[in-house]
Amino acid sequence: MADAKINVKRLKYPEVSDILVKGGKFIRWDDDNAVAHVCTLKVNTKGNVLYWRGQDTKDSDCLEINIIKDVRTGRAARLPKDSKLRNSLDMGGNNEESLEDKSVTVVYGYNMVDIFFITFVSNSAKVAKDWTTNLFALCHNLLALNAPPISVLEVQYNKLVCKTVGEGKISVKDFAKIYCNHKDDKKRVTDALAAVGLPSNIKTDFIPTSKLTFEDFLNFYFRLLNRHDVQKVFESLGAKKKPYLTLQQFVDFLNKDQRDPRLNEIIYPYVDEKRGQEIISKFETKKEFYSKGQLSLDGFTRYLMSEDNAIIPLESLDIYQDPNQPLSSYFINSSHNTYLSGHQFTGKSSVEMYRQVLIAGCRCIELDCWDGKGDDQEPIITHGFTMCTDISFKDVMYAIADSAFKTSDYPVILSFENHCTTKQQQKLAQYCKTIFGDMLLNKILDDYPLEPGKPLPPPSALYRKIIIKNKKLTEDMVAYVEKQPSVDVPDQQQQSNEAANAADTDKPQAPPATTSAENDGNPEEETDGESEAEEEAPVNQQVTRMKQKKVKKKRNDENTCCKELSDLVNYVTPVHFPGFEKADKKNFSWEMSSFVETSATNKLKEQPIEFVNYNKRQLTRIYPKGKRVDSSNYIPQIYWNAGCQLVALNFQTMGKLNIEYEIFLCNLTMENLNLMVDAGKKLFLLKPDFMRKKDRNFDPFAESTVDGIVAGKLSIKILSGQLLTEKRIGTYIEVEMYGLPVDTVRKRYRTKLVPNNGINPFYDEEPFVFKKIVLPQLALLKIGIHEESGKLIGQRVLPVEVLRAGYRQIQLRSESNMLVNAATIFVKIDVNDYVPGGLADFAAALADPINFQSAVEKRTEQLAELMDEDDAQGETNNGKSSVKQDSQSKFNPPHNPPQSRNPVTPHSHDKTNPPQPVPKKISSDGNGTKIQGQTNHVEPEPTMERNYDLVVVENKKTFKKQQSLNEQEARAVMKKHLKSKSTLAKVHNENLSKLRQNESPISPKNNKPTDSQVNNITWLENEQKSEMQKLLLCQVEAFYELRMKHLKTEFDIKEKLLEKYEISSKKKLQQAHEKEECSMKKYLAVRTKEEIKTVSKTTTDKHELRSLKSEVRRKMVEDAVQETHKLKNKQEKEIADLESRFQELAEELSNERKKEEKSIKDEYETQRQEIIRDEG
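Residues in the sequence shown are numbered consecutively from 8, following the working numbering.
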């Protein structure tokens, strides 16, 4: 198949139909009130509030559109149980139309369990259908879910106006309750109202909502919060002495502070003045400012709260991913025990849960099917052998048919856990066929046969199809089943029905010949219905079961599935997990296995790469372990990291699902935010290519960067919060990250507690830094806001890959992923690619070469001021001064030798100059480059050094002092050699002059020296050259010995210093470890004390209190053992790392010593050969 393709487009808000805006007459009723009321129903022009007004002005109310879950009419609409109320719901019109067809039921709530219904009855089915269609189109809008803070404020304003449409006013007292409940905070509200010219007396005044504009409401909001945090940023940008930012200052702010430095400036050009002026004109309210290209603090604040400054770019919310990949290439939103609305053992089963999870985006739901207990023998859905209630299988089928494709055309998988007898299974199959009709995928597609090596069909080939996951008979088993008398087991079952009903048991009984598809590789959910049922069943039923056991001996588990139901199973066939090797050999893409979370974790730990490769071809389902009776959830990220597609979660417990549920429903990012958005719902999520392509391997436990993927770096600074809670309590914020195990950071970053302020707490602490994120595509940032008691106020889970840098206002959500009124936080985010410490300057130079080169030139000019003329010229000409000096006279050494780090280095081509010693300072990398050490943080010692380096040794005073002595000695020897050479040259000149004076006169005939004269002079010059050569050779040898001596001295000192350095580092590390252990013990002791103090308040019974205290102490001991073990492993690793590092440093020092000795020896031999050659 072709590789995945992604197209980006900009989402649009749905249009609000005129039918909704103009409104209509309805009769309203709900479950809480048995009285019907005539009302006018409307939607505001913005399409975010549904409101109604009755004949009585008090009978007015409204609903935010974003809390509406569903809108129903016809068969799915609710009808009153009371006959009198049902008869009163007559609006006239066509009497032949049924009441349900004329009803519009609005389903709303803040989670999936606490659901409320309100029904409006119209005078015709057409009106009801039009309202249902148009109103549902406004719900589940992705832009509304990701609305910026200023849009959320607008919804609040519209709700306030619509709610009081009857009376047209709201008391200041009721208005203040929206934001606070403490008298001191209410005073802040009234002061803010007075500041914007609105009524503010909390006892007597009313605010006329008919005259209240959104500008008035927004100005009140700004006054109430008093945004000093924004003002501080505003002034730092250049508005400290004036009330505005200039156009250029604002453009610089957008390009420097608000821009992702990783963006390509060609694809994503910088903001120019034209675009800057457009933004100013959009948000600046004062004409005298925006006409001059100026932005006030008010306009700046509006920009920060707008969709232009969203934390995630809105265009990335609707990235349509390729639907033509095999099913195994997607993460599929999945539910566990979908029918339950609470506890796994005592919870209530609900048909409504199926509607809710399907509309919310779930594409794989679970049905635990059992034989019915009533006279009709209708199959039921319940949690077997528990106290959970049951619901009709048939009702669930209708609910699925109504809701499966309301928000998406992507296929739905029904995961059957089948405990029914053969006769009941035939009913299951019949209901699936008749109720689903053409929606049921009951045959194999021609283009995707069930053959080894053939991939699963893509979602695009399965649009609006329902896929059955259940046991499937093999061809041999089908032939065997057809030969058996099909009435034997049903007849026996029918004979035992009356006795079974007489047993009066609350638990549904599982027939012994039943096999659950979910039990494949699933020891934790395997149930044996025989043993418990036999204990409670009467004698005749036990006889029946004994007969059934004989039948069971002839049949294996596969025979328990009836042929009619088996024929409906195709591309999702559950099997016992054969092992990764056997599955790879079989290469059956349509076979899938289910794993309890513990089993999946073990396989992930033992064979992670094989698990990922298995999931490239076949589907895997993960579900919670049986001990999670409270319907709690595991963290699904663990199994998504392995490519598992069907990671089933308990949708019914939103409080515990605050992370897990939102991780899938938030704007989850995988490979450039491969997000499938269909009507605002994330249903199928395309996996990253390294989890799909066979030619790539991926290790979920990778600690180094993944091939082809650049690691990231993230820094987030929490500045402030706004309208977090109406309570006057302390708040704090925790920041966590989820992703690969190496990227996951939990319970580490937390702000200070800001007491008694839920309106506008200021945190403004040091940034929380995630230095290296190995796989940003799988990383999620979670920001949680908590009360001082630890209770969660709100949260936001964000994909790291598409986070926008800069100052951002983040809208918070509840545990169930709903917007938390106007609660926001203000943060500063910095994002970048991860660069190892030693390459930071190099990366900066690559990122901005012009700026880097300018900095280099500036430094060169600054150095020139400190250097004399010759040195500066030499630096400018890149070392050309040495060539110029080589051209000077052999007998005239340079008058100004270069003052450098090695001031006595000789010129190798100046043969009359004595060779100079070269005392070199050994660098840590062998190339003359110092590597500056870095300091990492070690708790509780934040300044503890961890990057051990030879630079520390080189900077010791002992070493520097020896270096200075060596240089002084080298200069003294150089001076002595220069004097010897000068003296010898002087003697040679004197001897040559005397020789010329004592010789006979020149022949007058040709005015040339005689042969005798020439021979004597030549002889003398040769002798002088010989003596000079001997002197130079002696000096070269002396310098060689001196340099070797200096080298030995320096390295001996460095070795001793390195030993001391290692000893001191170990000592510091041990001290840090001791402090860590002490801190841990203190923490556990304090925590134990606090927990004992807490439990002491829960009971006055001495025996119970003693038991509770013992349990707390026992838990403390267990925690202490675990923490001590973890800490010991961590400390042992740190000590081993330290010893390994110092062993590397010792080897590095030894290699450097050998390298320098060879360099000095080679230089000595070169100089010696040059002297012999030139003087010869």
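Glycine included, every Cβ here is placed at the ideal spot set by N, Cα and C.
Asked                                                                                                           : Found
CA-to-CA distance, Ile780 to Glu1164, given in whole angstroms                                                  : 43 Å
CB-CB length for Leu1145 against Ser1072, believed under 8 Å                                                    : 6 Å
Start and end residues, beta strand (DSSP E) containing Asp840                                                  : Leu826 to Asp840
Reference Arg1180; option with closest CA among Ser1166, Glu1125, Lys1037 and Leu1091                           : Lys1037
For Lys170, three-class secondary structure by DSSP                                                             : helix
Residue environment, Thr990, which counts as buried when at least 16 other CB atoms sit within 10 Å             : exposed
6 Å Cβ shell around Leu873 - same chain, five flanking residues per side excluded                               : Residue placement at Leu873 is poorly supported in this model, since its pLDDT is 48, which falls under 50; the coordinates still yield a value, given next. Around Leu873: no qualifying Cβ.
Near the ligand GTP: His44 beta-carbon under 8 Å from a heavy atom                                              : By its list of ligands, the structure shown contains no ligand whatsoever, and the ligand GTP lies outside what it can speak to.
Exposure of Pro695, with buried meaning 16 or more beta-carbon neighbours within 10 Å                           : buried
Limits of the unbroken beta strand (DSSP E) element including Lys32                                             : Gly31 to Asp37
Glu1044 versus Glu1172, Tyr1068, Gln969 and Leu1091, residue with shortest Cα-Cα distance                       : Glu1172
Assigned exposure category for Ile723 - 16 Cβ within 10 Å defines buried                                        : buried
Beta-carbon proximity list for Ala830, same chain, < 8 Å, skipping 5 on both sides                              : Gly728, Gln729, Leu730, Leu731, Thr732, Ile792, Ile800, Gly801, Gln818 and Leu819
Residues that DSSP places opposite Ala154 in a beta bridge                                                      : None, per the DSSP bridge assignment.
Contact under 9 Å by Cβ, Leu311 with Gly283                                                                     : no
Paired residues, beta bridge with Pro813 - DSSP                                                                 : Just to set this straight, residue 813 is Gly in the shown sequence, not Pro. Its beta-bridge partners are Ile836.
Through-space distance from Val742 to Glu1098, alpha-carbon basis                                               : 25 Å
Under 9 Å between C-beta atoms of Leu692 and Phe338                                                             : yes
Range of the contiguous beta strand (DSSP E) that encloses Asp397                                               : Premise fails: Asp397 is in no beta strand (DSSP E) and is neither H nor E.
Selection from Cys187, Phe33, Ala199 and Leu219 that minimises the alpha carbon distance to Ala132              : Phe33
Simplified DSSP assignment, three categories, for Leu142                                                        : helix
Neighbour flag for Trp597 against chain B, beta carbons, 9 Å                                                    : Of the protein chains in this structure there is only one, and it is not chain B.
Best match in Ala84, Asn233, Leu1064 and Ser357 for proximity to Gln659 [C-alpha to C-alpha]                    : Ser357
Supposed contact pair Leu747 and Leu788 - C-beta distance, whole angstroms, cut 8 Å                             : With a Cβ gap of about 14 Å, Leu788 and Leu747 do not count as contacting.
Helix, strand or coil at Pro628 according to DSSP, with G and I counted as helix                                : Reading off the sequence, residue 628 comes out as Arg, not Pro. Arg628 falls in the strand class under three-state DSSP.
Straight-line Cα distance separating Leu1064 from Arg978                                                        : 26 Å
Residue of Ile766, Asp38, Pro774 and Leu321 minimising C-alpha distance to Arg755                               : Pro774
Cutoff 8 Å; reference Arg195; Cβ partners in own chain excluding five residues on either side                   : Cys187, Leu231 and Ile766
Alpha-carbon spacing of Tyr117 relative to Lys1116, whole angstroms                                             : 38 Å
Exposed unless 16 or more other CB atoms sit within 10 angstroms - verdict on Gln301                            : buried
Extent of the continuous beta strand (DSSP E) to which Asp375 belongs                                           : Cys371 to Trp377
Local conformation of Phe618 per DSSP, three classes                                                            : helix
Own chain partners of Glu104 with C-beta closer than 6 Å, once the 5 adjacent residues on each side are dropped : Ala132
Opposing strand residues paired with Ser110 [DSSP bridges]                                                      : Val128
Rounded C-alpha distance that separates Pro947 from Phe602                                                      : Caution is warranted here: a pLDDT of 41 is assigned to Pro947, below 50, making its placement in the model unreliable, and the coordinate value is therefore given only provisionally. Each residue's Cα considered, the two are about 41 Å apart.
Buried/exposed call for Glu424, threshold 16 Cβ in 10 Å                                                         : buried
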